[in-house]
Amino acid sequence: MPEFIDTSPAGECIFCKLVQGQIPAAKVFEDELTLAFMDLGQVNPGHVLVASKRHAATLFDLTPAEAGALMQTARRVALAARAAFAPEGLNLFQANGAVAGQTVAHFHIHVLPRHAGDGVDLAWPRKDPGPAALNEYAAQLRAALK
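Heads up: the sequence shown begins at 402 in this note's numbering, then just goes up one per residue.
Shown next as structure tokens:
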């Protein structure tokens, strides 16, 4: 998991300050709803954060328009990273809540170019709950979608 944890006081979000130009950022792309900038803690060259301009702590706080714009910007930046850095692969990573690994309470997507042997490990233990449990999980989600 990332080593940086934002300790900004409430109402002093570091990403909001970046969006507002109060602190410098190496900007990659910007539109009406999103800002893409270089992560200060580069995991690999070309590691970019795509953030919502409006403060939204998690995915659950985004509007549908913001969610769509963020994914479009992430794709655009991923294509640029592929052209600029020729990675062997690329991860999009997004976390919601501290238990999920979110370290800054402002929605953002990591665009992370990958190379063999880069030391990045995004592994988690897989479980096999069986078909009955999977069908029950699917039913619960379908009910929640209504």
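Positions of the beta carbon are idealized from the N, C-alpha and C atoms, including for glycine. Since the structure is predicted, the reported quantities are computational estimates derived from the model, not experimental observations.
Taking the Cβ atom as the reference point for each residue, do Leu436 and Lys418 lie within a distance shorter than 7 Å?
Position 35 of the sequence shown, counted from the first residue, corresponds to residue 436. Position 17 of the sequence shown, counted from the first residue, corresponds to residue 418. No, these two residues do not count as a Cβ contact at 7 Å.
Item checked: Where Pro526 falls, given that 16 or more other Cβ within 10 Å makes a residue buried -> For the purposes of this step, residue 526 is identified with residue 125 of the sequence shown, where counting begins at 1. By the Cβ-count criterion, Pro526 is exposed, with fewer than 16 other Cβ atoms from all chains shown falling within 10 Å of its own Cβ.
Name the DSSP beta bridge partners of Leu493, please? One-based indexing of the sequence shown puts residue 493 at position 92. In DSSP, Leu493 forms a bridge with Val512.
Check: Which residues mark the beginning and the end of the alpha helix (DSSP H) in which Leu471 is found?
Finding: Within the sequence shown, the letter at position 70 stands for residue 471. Note, Leu471: alpha helix (DSSP H), Pro465 to Phe486.
Label Phe461 either buried or exposed according to how many other C-beta atoms from any shown protein chain fall within 10 Å of its C-beta, with 16 as the threshold for buried.
As a position in the sequence shown, residue 461 is number 60, starting the count at 1. Flag for Phe461 reads exposed.
Cβ-based burial, Glu537 [other Cβ within 10 Å; buried from 16]
The count along the sequence shown starts at 1 and reaches residue 537 at position 136. Glu537 counts as exposed, since fewer than 16 other C-beta atoms from the protein chains shown sit within 10 angstroms of its C-beta.
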